[in-house]
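Encoded as structure tokens, the structure appears first; notes follow it.
2 protein chains.
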Amino acid sequence: MNLLRNDALEGAQARRRAQIPDATVARLPLYLRALSELADRGVTTCSSEHVATAAGVSSANIRKDLSHLGSYGTRGVGYDVQQLRDRIAETIGQTHNWDVILVGAGHLGSALAAYQGFGNRGIHVAAVVDEDPALVGTKLGSITVDSVENLATLIKDNGILIGIIATPPDAAQSVADRLVEAGVTSILNFAPTLIQVPAGVDVRQVDVAVELQILAYHEQRKAASVKGGGVT
Amino acid sequence: MNLLRNDALEGAQARRRAQIPDATVARLPLYLRALSELADRGVTTCSSEHVATAAGVSSANIRKDLSHLGSYGTRGVGYDVQQLRDRIAETIGQTHNWDVILVGAGHLGSALAAYQGFGNRGIHVAAVVDEDPALVGTKLGSITVDSVENLATLIKDNGILIGIIATPPDAAQSVADRLVEAGVTSILNFAPTLIQVPAGVDVRQVDVAVELQILAYHEQRKAASVKGGGVT
DNA sequence: ACGATTTTGTGAACAGGTTCACCAACTCTT
DNA sequence: AAGAGTTGGTGAACCTGTTCACAAAATCGT
Chain A
0 MNLLRNDALE GAQARRRAQI PDATVARLPL YLRALSELAD RGVTTCSSEH VATAAGVSSA
60 NIRKDLSHLG SYGTRGVGYD VQQLRDRIAE TIGQTHNWDV ILVGAGHLGS ALAAYQGFGN
120 RGIHVAAVVD EDPALVGTKL GSITVDSVEN LATLIKDNGI LIGIIATPPD AAQSVADRLV
180 EAGVTSILNF APTLIQVPAG VDVRQVDVAV ELQILAYHEQ RKAASVKGGG VT
Chain B
0 MNLLRNDALE GAQARRRAQI PDATVARLPL YLRALSELAD RGVTTCSSEH VATAAGVSSA
60 NIRKDLSHLG SYGTRGVGYD VQQLRDRIAE TIGQTHNWDV ILVGAGHLGS ALAAYQGFGN
120 RGIHVAAVVD EDPALVGTKL GSITVDSVEN LATLIKDNGI LIGIIATPPD AAQSVADRLV
180 EAGVTSILNF APTLIQVPAG VDVRQVDVAV ELQILAYHEQ RKAASVKGGG VT
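So the sequence lines, in the order shown, correspond to chains A and B.
Residue numbering for the first sequence follows numbering that gives the first Met the number 0, starting at 0 and increasing by one per position.
Residue numbering for the second sequence follows numbering that gives the first Met the number 0, starting at 0 and increasing by one per position.
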């Protein structure tokens, strides 16, 4: 990296384009949240140890992660809360709000539409659509449910790039197809279904049942180790 | 492992107690879902390649994962769908339903209470509690919302070990404390809050905003690489 | 019966992420 | 101004997880 740096401007671009490890990217929003809380409490300076306890990771991990964004701390002092917050916000693209479209206005859909706290984290639910004619036209908080017929129009008119699937499992794939065709390139899928998308489209899967099943596995192990007189 | 095997019974116990890698545990529920679908379609035998495409992972990964549960496939043939399904179900403790308590009957809480598909995956929402007197007594699907006062009683009477937190962020920690004190040792937390729990208690965090922020980061990179004439 | 074919199970190589240990750079005290 | 104390940045070691490559074991066809 050092060898390629020809001037300061290119250095900045290279840093922006530089690959930040996935694991780090997944933690940056946590740091951002922690730093915002610190800022709200009037803290102006913090050490990696501070952020570590606030975000629930090790301080070494924090420092390593932050090193990927460049050097913004001062040795012997720590980080400027505001500056670091801004730097992370810029890195993960939170300088503006991202419009997202929500497909499915059932129980989960309405919970998501009503979710407080998207706003101050760079996410804005710009449209909600559903297949059910009975739901079209109803209000979900401040937003009116639209027909799924208008999905492509809504996406294109608003320049939406991120979609949320909150439909029953059997509808998920066809919804994904329609989202992608209309220009969405990132999907958050709540349906317990593996969806196929073309290369270049990112999918993240949230499956509540899976999370609980993982916990159940560990519970079972705890029970077994007690019963069987297991480890310690 | 081979060297320590004194008899068949101890072999089985050792296998059950053996540490299965976390990454594998997280995928087993996916395999279970995929196998159940195959079984429903009348498929009786499948190769690792079959499961791989159904679950969205590589076949080598499947085989490695399954090797942690022991040898249940037949070379040149594949796996018996029913047998493998049973084996995985047994491993992750899905031989019976796990009762869970849900704290918070707001938008998200009602979505979770109404969630179809817990039932056939070993999860049963046995109790829902809320702080708001206006919600206590109301029905969420088939279950009646109870007062948070009865939290400990409900947990103890039903022998509940798993709790779900679906409250506003500022209530999450105190709810977690009460859950743990009442005997819960696994928590699924939907509140965007880091909760502190004593050792021995498992916590899994689901943060919708974080998921979207991660997607937003990648979107930003896509946009930057187009604008800047980035990597091909 | 035997070679061709299929598919599992697994050691070995590889990749990615975390933790450790320590140097460098800053502040504070005297 | 100099030493003591603090804290960020970072290479190295370590650990976990994934992919590769292939032998072992089964079936199938002839």
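Even for Gly, the Cβ is constructed at its ideal location relative to N, Cα and C.
Mind checking which residues open and close the alpha helix (DSSP H) that includes residue i?
i: A:I87; result: V80 to T90
i: B:A113; result: H106 to A113
i: B:A237; result: Chain B is shown only over 0 to 231; residue 237 of chain B falls outside these bounds and no answer can be derived.
i: A:D21; result: D21 to D39
i: A:A133; result: Unbroken run through A:A133: none, as it is neither H nor E.
i: B:N157; result: L150 to N157
i: B:S58; result: S58 to S66
At the level of alpha carbons, what is the spacing between residue i and residue j?
i: B:L178; j: A:R177; result: 42 angstroms
i: A:N119; j: B:L211; result: 13 angstroms
i: A:G219; j: B:T44; result: Sequence inspection shows Gln at residue 219 of chain A; the Gly mentioned does not correspond to that position. Between A:Q219 and B:T44, the C-alpha separation is close to 28 angstroms.
i: B:I213; j: A:L160; result: 13 angstroms
i: B:T143; j: A:T192; result: 30 angstroms
i: A:G121; j: B:G140; result: 33 angstroms
i: A:S58; j: B:A208; result: 24 angstroms
i: A:S185; j: B:N149; result: 42 angstroms
i: B:I28; j: B:H67; result: Here the sequence assigns Pro to residue 28 of chain B, which means Ile is not the residue at that position. Those two C-alpha atoms are separated by around 15 angstroms.
i: B:G77; j: A:I91; result: 44 angstroms
i: A:A126; j: B:D79; result: 45 angstroms
i: A:G72; j: A:A198; result: 38 angstroms
i: A:A133; j: B:G75; result: 53 angstroms
i: B:I154; j: B:Q82; result: 34 angstroms
i: A:V174; j: A:V124; result: 17 angstroms
i: A:V301; j: A:Q115; result: Outside the modelled stretch of chain A, which goes from 0 to 231, sits residue 301 of chain A, for which no answer is possible.
i: B:Q172; j: B:T166; result: 10 angstroms
i: B:R62; j: B:A88; result: 17 angstroms
i: B:S47; j: B:Y30; result: 10 angstroms
i: B:A25; j: A:G69; result: 33 angstroms
i: B:G55; j: A:R32; result: 32 angstroms
i: A:A215; j: B:W97; result: 7 angstroms
i: B:S146; j: B:G136; result: 8 angstroms
i: B:D131; j: A:D201; result: 39 angstroms
i: B:E36; j: A:Q204; result: 19 angstroms
i: A:D21; j: A:I100; result: 24 angstroms
i: B:D206; j: B:I194; result: 13 angstroms
i: B:H217; j: A:V196; result: 16 angstroms
i: B:G162; j: B:G108; result: 12 angstroms
i: A:N157; j: A:V128; result: 14 angstroms
i: B:A246; j: B:P168; result: Because chain B spans 0 through 231 in this model, residue 246 of chain B falls outside it and cannot be assessed.
Quickly, what does DSSP pair residue i with across the bridge? List them, please.
i: A:K138; result: A:T143
i: B:T73; result: B:G77
i: A:T44; result: A:D79
i: A:Q212; result: In the DSSP output, where bridge partners are listed per residue, A:Q212 has none listed.
i: B:Q204; result: B:N188
What are the start and end residues of the beta strand (DSSP E) that includes residue i?
i: B:I100; result: W97 to V102
i: A:D129; result: I122 to D129
Given 6 angstroms as the limit, tell me if residue i has its C-beta closer than that to any heavy atom belonging to the ligand SAM.
i: A:Y216; result: You won't find the ligand SAM in this model; it holds no ligand whatsoever.
Query raised in the report: What residues from the region 155-183 of chain A come within 7 angstroms of chain B, judged by C-beta to C-beta, listed N to C?
Result: Contact residues of the region 155-183 of chain A toward chain B are L160 and I161 (C-beta to C-beta distance below 7 angstroms).
**Report entry** Entirely enclosed alpha helix (DSSP H) segments - the region 163-194 of chain B, minimum 4 residues
**Finding:** If one requires a minimum length of 4 residues, the alpha helix (DSSP H) runs lying completely within the region 163-194 of chain B are 168-181, in chain order.
Query raised in the report: What are the residues of the region 182-205 of chain A that lie near chain B, defined by any Cβ-Cβ distance shorter than 7 angstroms?
Result: Cβ contacts with chain B come from T184, S185, L187, P191, L193, D201, R203 and V205.
Query raised in the report: When you check each C-beta in the region 209-221 of chain A against every C-beta of chain B, which residues fall closer than 7 angstroms?
Result: Going along the region 209-221 of chain A in chain order, one finds V209, E210, L211, Q212, I213, L214, A215, Y216, H217, E218, Q219 and K221 with a Cβ nearer than 7 angstroms to chain B.
Requested in this report: Can you give me, in chain order, the residues of the region 119-136 of chain A that have a beta carbon less than 7 angstroms from any beta carbon in chain B?
Outcome: Of all residues in the region 119-136 of chain A, those with a C-beta nearer than 7 angstroms to a C-beta of chain B are R120, G121 and I122, reading in chain order.
**Report entry** Near-chain A residues of the region 98-110 of chain B - C-beta to any C-beta below 9 angstroms
**Finding:** Answer set for the region 98-110 of chain B: V99, G105, H106, L107, G108, S109 and A110.
Report task. Note down, in chain order, all residues in the region 29-47 of chain A with a beta-carbon under 9 angstroms from any beta-carbon belonging to chain B. Result -> Those would be L29, L31, R32 and A33, in chain order.
Requested in this report: Can you give me, in chain order, the residues of the region 76-88 of chain B that have a beta carbon less than 9 angstroms from any beta carbon in chain A?
Outcome: Those residues of the region 76-88 of chain B that come within reach of chain A (Cβ to Cβ, closer than 9 angstroms) do not exist; the list is empty.
Requested in this report: Compile a chain-ordered list of the residues in the region 50-79 of chain B whose CB is closer than 8 angstroms to at least one CB of chain A.
Outcome: From the region 50-79 of chain B, only A53, A54 and G55 have a Cβ closer than 8 angstroms to chain A.
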